[in-house]
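> In our numbering, the protein residues as written are 13 to 362. Right, I'll just put the structure down here and ask away after.
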């Protein structure tokens, strides 16, 4: 008898479950349509249609999810997230400049291996200096002095670093919108022109260095040749020094402009986020209660992709706003203000 009663109860529960599941499907479908309609209204309220990117593609959009017993989750992709990518690129360029300023301690060694006649390679200079010491005292003293002057010139590395820094700063200025394409191309032309001119002068210095080596090997002690060689060296060094100063000054100026542009861009971006969130709260107050199929005790969670606070580890976070449906209904009926809705909502970065 008990077995029959147990089987009857199991059949009854199964029948109720089938009826309940059947009744729930249309309700979820209706809620999904309701959520899709609300997402479209919210996109219009947030002016996503006005934000077009390359090939007319929208830079903003909303993806929705419903969690039974919890509520609606809307993941909002805004144009502001794309704008923040520019800021990240500029920050990366600044970091690269910092590394370039420190210099590469192995660069001198690499140059000495690839360019045996380089003025930066002490091993390449040792042989000529030793050769000079084996010559007569007067000739040795003069040529040794000239070779030491050449050896102490560090213009190539300094100028290359400055030019690279200037290039990175120019890229940052363009990525931040501080200069247009025309101004950027002018900056690039100035930088490349300085690079080419410096390369020409350094090739002239290499030629003089080669002549000094040849003179040393031949042990020439002609005073006229000595004076001519010294004048050539003085002339090329006098031409290189202004180029070095120009390159360093250009790098410093562009870096300062880049830092100022980054600060301005950051402040403007933060202000834009505040304005956007103001639009979001007003839109939620005006249209949030249109989620009629959403249970009253559930919530609407808005995930603003990429707009959260950035920690010391530079990790990009999202900003999340959570609204109670009951508060949305009160706001639309003017029982509470938008400011009160904001106070009652929960928001955080994650």
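Note that CB positions come from ideal geometry on N, CA and C, so glycine has one too.
Among 276, 46, 206 and 215, which has the Cα closest to the Cα of residue 300?
For the residues 276, 46, 206 and 215, the minimum Cα distance to residue 300 belongs to 46.
> Roughly how many whole angstroms lie between the Cα atoms of residue 240 and residue 192?
Straight-line Cα distance between these residues: approximately 49 Å.
> For residue 343, does the three-state DSSP call read helix, strand or coil?
Residue 343: helix per DSSP, three-state reduction.
> Who are the Cβ neighbours of residue 260 in its own chain at under 6 Å, not counting the five residues just before and after it?
Only 174 meet the Cβ criterion.
> Pick from 334, 320 and 335: whose alpha carbon is nearest that of residue 328?
Closest by alpha carbon: 320.
> Based on the DSSP output, what are the partners of residue 361 in its beta bridges?
DSSP output for residue 361 lists 331 as bridge partner(s).
> With 16 other CB atoms within 10 Å as the buried threshold, where does residue 336 fall?
Residue 336 should be labelled buried.
> In this structure, how does DSSP classify residue 125 when only helix, strand and coil are distinguished?
For residue 125, the pLDDT reaches just 35, beneath the cut-off of 50, and the residue's location in the model is therefore unreliable, although a value from the coordinates is still provided. It is helical.
> Assuming residue 87 contacts residue 315 (C-beta within less than 8 Å), just tell me the rounded distance between them.
Rounded, the Cβ-Cβ distance is 5 Å, consistent with contact.
> What does residue 314 pair with, by DSSP beta-bridge criteria?
Answer is 86 and 333.
> Three or more C-beta pairs under 8 Å: does that hold for the region 249-258 against the region 181-201?
Because the criterion of three Cβ pairs below 8 Å is not met, the region 249-258 and the region 181-201 do not touch.
> Could I get the ranges of all uninterrupted alpha helix (DSSP H) runs contained in the region 174-235, with 4 residues as the minimum, in chain order?
Fully enclosed alpha helix (DSSP H) runs of 4 or longer: 193-230.
> If you draw a straight line from the C-alpha of residue 355 to the C-alpha of residue 203, how long is it?
Taking the straight line from one Cα to the other gives about 53 Å.
> For residue 187, count the other beta carbons within 10 Å of its own beta carbon; 16 or more makes it buried, fewer makes it exposed. Which is it?
Answer is buried; the Cβ neighbour count reaches 16.
> Quickly, what does DSSP pair residue 76 with across the bridge? List them, please.
The partner list for residue 76 (beta bridge, DSSP) reads 86.
> Taking the alpha-carbon positions, what's the residue 77 to residue 310 distance?
Roughly 13 Å between the two C-alpha positions.
> In its own chain, which residues sit with a C-beta less than 7 Å from the C-beta of residue 244, not counting the 5 before and 5 after it?
220.
> Would you mind working out which of 351, 331 and 296 sits nearest residue 341, comparing C-alpha positions?
Taking only the C-alpha atoms, the option nearest residue 341 is 296.
> In the DSSP assignment, the alpha helix (DSSP H) including residue 355 goes from what residue to what residue?
Note, residue 355: alpha helix (DSSP H), 350-356.
> Count the other CB atoms within 10 Å of the CB of residue 362; is the residue buried (16 or more) or exposed (fewer)?
It counts as exposed.
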